[in-house]
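Taken in sequence, the protein lines are chains L and E. The numbering of the first sequence is our numbering, which starts it at 1 and goes up by one. The numbering of the second sequence is our numbering, which starts it at 254 and goes up by one. Data first, discussion second: the structure below is written as structure tokens.
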Amino acid sequence: MISAIGAGALRIAQEVGGIVLLAGQVLRALIPPRMDTRELWKNLYKMGNRSVPIVVLTAFFSGALMMLQAGPFVKKFGATGLAGWGAGYAVLREIGPILIALMFSGRVGANNTAELSTMTVTEQLDGLRALAIDPVRFLVVPRVIAMVVMLVALTAIGDLVALVGATLIGRAMLDIELSSMYYSITENLKPYDFLHGIYKSIAFGVAIAMSSCYFGITVRGGAVGVGRAVNAAVVAAAVSIMLLDFFLTYLTG
Amino acid sequence: MRKQIEGIGEATLRLCREGLELWRVYVSTIAGLVRGLTKRKDKIARRGRAKGELVRQFHAIGNKSIIFIAVTLGFIGMVMTYQACLQLGRVTGDYSQVGSQFLRLIISDFGPTLCGLMLATRVGAGIAAEIGSMKVTEQIDALRMSGVLPIDYLIVPRFIACLVMMLVLAVLGSVVMYFAGAATAHYSFGVNPNTFFDLSFIRPRHLILFLLKCAAYGAAIPIVAGFCGLRARGSSEGVGWATTAAVIGSSFAVIVLDFVLSAGALWLTGGDL
Numbered sequence: 001m002i003s004a005i006g007a008g009a010l011r012i013a014q015e016v017g018g019i020v021l022l023a024g025q026v027l028r029a030l031i032p033p034r035m036d037t038r039e040l041w042k043n044l045y046k047m048g049n050r051s052v053p054i055v056v057l058t059a060f061f062s063g064a065l066m067m068l069q070a071g072p073f074v075k076k077f078g079a080t081g082l083a084g085w086g087a088g089y090a091v092l093r094e095i096g097p098i099l100i101a102l103m104f105s106g107r108v109g110a111n112n113t114a115e116l117s118t119m120t121v122t123e124q125l126d127g128l129r130a131l132a133i134d135p136v137r138f139l140v141v142p143r144v145i146a147m148v149v150m151l152v153a154l155t156a157i158g159d160l161v162a163l164v165g166a167t168l169i170g171r172a173m174l175d176i177e178l179s180s181m182y183y184s185i186t187e188n189l190k191p192y193d194f195l196h197g198i199y200k201s202i203a204f205g206v207a208i209a210m211s212s213c214y215f216g217i218t219v220r221g222g223a224v225g226v227g228r229a230v231n232a233a234v235v236a237a238a239v240s241i242m243l244l245d246f247f248l249t250y251l252t253g
Numbered sequence: 254m255r256k257q258i259e260g261i262g263e264a265t266l267r268l269c270r271e272g273l274e275l276w277r278v279y280v281s282t283i284a285g286l287v288r289g290l291t292k293r294k295d296k297i298a299r300r301g302r303a304k305g306e307l308v309r310q311f312h313a314i315g316n317k318s319i320i321f322i323a324v325t326l327g328f329i330g331m332v333m334t335y336q337a338c339l340q341l342g343r344v345t346g347d348y349s350q351v352g353s354q355f356l357r358l359i360i361s362d363f364g365p366t367l368c369g370l371m372l373a374t375r376v377g378a379g380i381a382a383e384i385g386s387m388k389v390t391e392q393i394d395a396l397r398m399s400g401v402l403p404i405d406y407l408i409v410p411r412f413i414a415c416l417v418m419m420l421v422l423a424v425l426g427s428v429v430m431y432f433a434g435a436a437t438a439h440y441s442f443g444v445n446p447n448t449f450f451d452l453s454f455i456r457p458r459h460l461i462l463f464l465l466k467c468a469a470y471g472a473a474i475p476i477v478a479g480f481c482g483l484r485a486r487g488s489s490e491g492v493g494w495a496t497t498a499a500v501i502g503s504s505f506a507v508i509v510l511d512f513v514l515s516a517g518a519l520w521l522t523g524g525d526l
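Written out as structure tokens, the structure reads:
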């Protein structure tokens, strides 16, 4: 029992340490920024453009959900002018960045782990090393940059779509006028609320990218190992999103 | 132009075909469940699943997720009360309703939905990885050859375990979230913890919604993940794709089901949930 707890703690420590070491290697590769630009553009397209539909759908539903929760409450007090404030605040600061990051981690992070771990188990990484190409510089760095940039961009798009979703659902189900919703959002929400979500999405992007690349390049043992690596990567990404969210909220207020 | 229209048509057809296949997996799972319940003395009924498989799945899906669910939901509960208090402090400064409203939100929406999203990530990916690697190593074909239905053998025990454990973990997660929120409000904003033990906003329909959401997510996650796992093809690459598809599919199913159930409840109660 106790040895099981110890083994679990050691494994977690090993994984966190590995992720931090990999982050150090990525940082060192960025100064001076030398990387494969073709690989970078390819990843930016694959991770960003291809994820737009799922992010837009998720954001629309999350905005609609926040409206469904906030709407009845403000209507009970007859203050429909505050509906946009309630839903918009929750969407921009918390629910939008978190849900989009979770979907991004599922769509892009897991996919990236699957790709890297397939390369690892088929010994393509060793092949790169034999050709004197640094796998971190060639494979990991472009992916990390692409994921961080694209998560920020997708969160910005998703925030807008979520506000539109909240407005439309408010009109359709709760009879809140479009114009009052517009004034409510523009009057009560500050640019800082939007930026707060964007700061978080930068941190989430780094966390998703590092965990997905780490589990991708340390995988062992064929097809079973690939499945397990993808599972471990999404779980690690989800935990670190929640932890980072808490600490960033606490620190930046 | 013609190529684009063809592309759209192809995508639509593929989507319809996948939906049909998903529906078939769902129906077969329910059929397998019913078949397992009807006690028959002949051998066909015993071809279902291995002995002790259900207990093993309860352990793998439930017990192993406890820490994950408690940590993630606890932190998000802290964040949500922190943000709510921060915003209320700017507008009215009256914190007395935070606790009761937070409890209402947890029960009617956030508790089951966030727990469902977390389970979709952990359990959905796990189921797809396991079944997918069995598929590509031809163990599924071996099962079929020995006269065992793969859905009865693999998906039905996971379905039952996920359905039960979703409810258990959602209750646990909601409690953790609630106490984490109460502690944050007390230590950061000096809110009296007694205001958190106020059940005046909770109505029976919130509890019904809680149970309905748990049942819906608990049923959707193993079906979508098992479907993705059974569809895996090729070798290690196929398993990776299947696991990715399972995470996306089951998370998205949770969000859509949440929307449908919340909107339905709002419609049924006439805008006063």
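Glycine residues also receive a C-beta, built at the ideal position from the N, C-alpha and C atoms. Owing to the predicted nature of the structure, the values given are computational and were not obtained by experimental measurement.
Please decide whether Q269 of chain L counts as near chain E, where near means a Cβ-Cβ distance under 8 Å. Nothing can be reported for residue 269 of chain L, as the shown portion of chain L is limited to 1 through 253.
Taking 8 Å as the limit between beta carbons, can you name the residues of its chain near P135 of chain L, skipping five residues before and five after? L125, L128, R129, I217
Using DSSP with H/G/I as helix, E/B as strand and the rest coil, what is L116 of chain L? helix
Examine chain E for any beta-carbon lying closer than 8 Å to the beta-carbon of F215 of chain L, and answer yes or no. no
One question on the structure: do W85 of chain L and S240 of chain L come within less than 8 Å of each other, judged by their Cβ atoms? no
Identify the continuous alpha helix (DSSP H) that holds I322 of chain E and give its terminal residues. 319-344
Considering only the beta carbon of each residue, do S62 of chain L and V108 of chain L sit closer than 8 Å? no
Contacts of F321 of chain E in chain L (Cβ-Cβ under 9 Å): Result: V235, A238, V239.
Which residue from E:I461, E:D511, E:P475 puts its Cα closest to that of A378 of chain E? E:P475
Residue-chain proximity (M173 of chain L, chain E), Cβ-Cβ < 8 Å: yes
Cβ closer than 9 Å: which chain L residues qualify as neighbours of E391 of chain E? Near E391 of chain E there are no residues of chain L at all, since even the closest Cβ is about 11 Å away, more than 9 Å.
Determine whether the Cβ of Y335 of chain E lies closer than 8 Å to any Cβ atom of chain L. yes
Going by beta-carbon coordinates alone, are V234 of chain L and T366 of chain E separated by less than 8 Å? Not closer than 8 Å, so no.
In chain order, what residues of the same chain have a beta carbon less than 8 Å from the beta carbon of V389 of chain E, not counting five sequence neighbours either side? A485, R486, G487, S488, S489, G491, V492
Between V278 of chain E and I404 of chain E, which are expected to be in contact by the criterion C-beta below 8 Å, what is the C-beta distance as a whole number of angstroms? 7 Å
Could you tell me whether any Cβ in chain L is nearer than 8 Å to the Cβ of F480 of chain E? Answer no: the Cβ-Cβ gap between F480 of chain E and chain L never drops below 8 Å.
Please classify G400 of chain E: does DSSP put it in a helix, a strand, or coil? coil
Report yes or no: is there a C-beta of chain E within less than 8 Å of the C-beta of E15 of chain L? no
What number of angstroms, rounded off, separates the C-alpha of A12 of chain L from the C-alpha of M254 of chain E? As written in the sequence, residue 12 of chain L is Ile, which differs from the Ala given in the question. I12 of chain L and M254 of chain E: Cα-Cα distance of roughly 53 Å.
Between E:R343, E:R458, E:S349, E:V376, which lies nearest to A313 of chain E when the distance is taken from Cα to Cα? E:V376
Indicate whether at least one CB of chain L lies closer than 8 Å to the CB of F328 of chain E. yes
With distances taken Cα to Cα, identify the nearest neighbour of A472 of chain E among E:V344, E:M387, E:V280. Restricting attention to E:V344, E:M387, E:V280, the CA atom closest to the CA of A472 of chain E is found in E:V280.
Check whether the Cβ of Q310 of chain E lies closer than 8 Å to any Cβ atom in chain L. No, no contact with chain L.
Cβ atoms of A207 of chain L and A237 of chain L: under 8 Å apart, would you say? The Cβ atoms of A237 of chain L and A207 of chain L sit closer than 8 Å to each other.
If we call anything under 8 Å between Cβ atoms a contact, is R357 of chain E one with F432 of chain E? no
Does I534 of chain E pass the burial test, meaning 16 or more other C-beta atoms within 10 Å, or should it be called exposed? With chain E represented from 254 up to 526, any question about residue 534 of chain E goes unanswered, as that position is not in the structure.
In three-state DSSP terms, what is D257 of chain E? It is Gln, not Asp, that sits at residue 257 of chain E in the sequence shown. DSSP places Q257 of chain E in helix when its eight states are reduced to three.
So with CB distances below 7 Å, who are the chain L contacts of V500 of chain E? G106, A110, V234
Between which residues of its own chain and S361 of chain E is the CB-CB distance below 6 Å, once the five residues before and five after are set aside? H459, L462
Within 8 Å, strictly: CB atoms of F363 of chain E and F246 of chain L: no
E187 of chain L, enclosing alpha helix (DSSP H) - first and last residue: 178-188
Between which two residues does the alpha helix (DSSP H) harbouring K304 of chain E extend? Element bounds for K304 of chain E: n/a, residue is neither H nor E.
Euclidean distance between Cα positions of T265 of chain E and E274 of chain E: 14 Å
Test item: CB-CB of V401 of chain E and G289 of chain E under 8 Å: no
Inter-stretch contact (C-beta, 8 Å, three-pair minimum) for the stretch 196-205 of chain L and the stretch 70-90 of chain L: no
Does chain E have any CB closer than 8 Å to the CB of P135 of chain L? Answer no: the Cβ-Cβ gap between P135 of chain L and chain E never drops below 8 Å.
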